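Numbering (this note's numbering), first residue to last: 12 to 500.
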């Protein structure tokens, strides 16, 4: 008789495999539990051939314990020897109590916990025997972290030799979590990636003397990948295997030629936190496709992906979204005046295209206060929004001066935020000291102003000289009159 696996199973327990429909040759095989893989809800089982397989719990059972025949004077409680639990259970990184050195060095289950402190190059050097090679295959490769706690790719692939070795590497280090393709020679004559599906034949190079294109499809073997960055590599067509990593946290594409993909494929990466795709003119889809990442997305950069469309409002209720960059996405529309308190609640930086009303040139002086009040809502939520940023009056606006009018003093055609203490306001300026208009304050004056507020307010007022008394750019006639007054002074 055999008992099925229960919730009390532990790493190190002996089990028997049964009921497999595909790997039928493993049925009846006995092995030992290594660890439970949460991502796929399966146990990693080491069989007698020193290979590991990921098996569903329902296909594992505990072998029946042999029963010795009873003799006269013996009771069944004494003569039957029940299945014993191991002295300690090694589960999910827990360390056993005082194992011997020989046990540690020869135990495949303990080694990954020790090897996890090594980087990927040191792990390759640790593959000194079959048992250690298997331990390295079970070891998650540690990630590097930047000062702002983002993970950075540990393995950089930058030449043909490294790209061709990816197949071997994916077998040696299948638990690798970060991969970075950084090709300075991605478009050179000595290196070419094999075309993907639906490739553009006009871009296919027909030259018998060129080296054989490199197949990078073995990237799909890194099932635990969390960070993938590819930059400067000429791709042509669709590469579905680049988007099949359910654990991926960061996806960074830049200048990848004619890589074809659609934002709807993001459904395959439900844990994605950072999506950066710059100058990918073959990327299609809508901002609404990113809503599958609503609860996890922290950074979205689709700059100069000209075929992406949608409305900016689709991103307003993303609770974790901190950074938006949509510069050059001419098919994305919207109106900054539609922003309400609580929208973009975590935003720290927002770059929106000129096709969004209020995100590019100012259409007129009259409509500018409404635009600045909308930006004010975002800036009150996080002070870094609209920092070191100005919007300018459209060059086509009839309110601009004639070229022969402002030869001695530029028109204050730009707007910027100013702050004194915690008080926010905005003003028109020509970006030259002394060329600012009066401040349009959006916050009330403090009843008990601090010394800091007084000093910062004085600095703001010192920048108002020529346009003193004007809260908006004066008309051409008013400008000429003020200029004549200044000359008379």
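Every residue gets a Cβ at the ideal spot worked out from N, C-alpha and C, and that includes glycine.
Computed from a predicted structure; not experimentally measured.
By the C-beta criterion, the segment 165-179 is judged not to be in contact with the segment 134-150, since fewer than 3 inter-stretch pairs fall below 8 Å. Between the segment 283-291 and the segment 255-270, the count of C-beta pairs closer than 8 Å reaches three or more; the two stretches touch.
Every alpha helix (DSSP H) of 4 residues or more that sits fully in the segment 345-418 is shown, in chain order, as 379-392.
Your pair residue 410 and residue 376 checks out as a contact, with CB atoms roughly 5 Å apart and the cut at 8 Å.
For residue 136, the enclosing alpha helix (DSSP H) starts and ends at 131-136. Counting every other CB atom within 10 Å of its CB across the protein chains shown gives residue 397 a total of 16 or more, marking it as buried.
Selection 33, 39, 53 evaluated against residue 73 yields 39 as nearest (Cα-Cα). Residue 314 sits in coil when the DSSP states are folded into three classes, being neither helix nor strand.
Within the same chain, Cβ atoms closer than 8 Å to the Cβ of residue 275 are found at 296, 300, the five residues on either side in sequence being excluded. The DSSP-derived three-state label of residue 296 is coil. Cβ-Cβ distances below 7 Å link residue 468 to 431 in the same chain, with the five nearest sequence neighbours on each side left out; the list follows chain order.
Where residue 145 is concerned, the enclosing alpha helix (DSSP H) starts and stops at 141-148. According to the DSSP assignment, residue 238 belongs to the beta strand (DSSP E) that extends over 238-242.
Here residue 403 is exposed. Its C-beta has fewer than 16 other C-beta atoms within 10 Å. Shown here for residue 405: same chain residues with a beta carbon closer than 7 Å to its own, the five before and five after excluded, namely 372, 373, 374 in chain order. Taking all protein chains shown into account, residue 179 has fewer than 16 neighbouring C-beta atoms within 10 Å of its C-beta and is therefore exposed. In terms of Cα proximity to residue 483, the closest of 452, 423, 461, 306 is 423. Under the 8 Å Cβ criterion, the segment 127-135 does not count as touching the segment 35-52, having fewer than three qualifying pairs. Contact annotation: residue 69 and residue 30 have beta-carbon atoms nearer than 9 Å. Within the DSSP secondary-structure output, residue 322 pairs in a beta bridge with 344.
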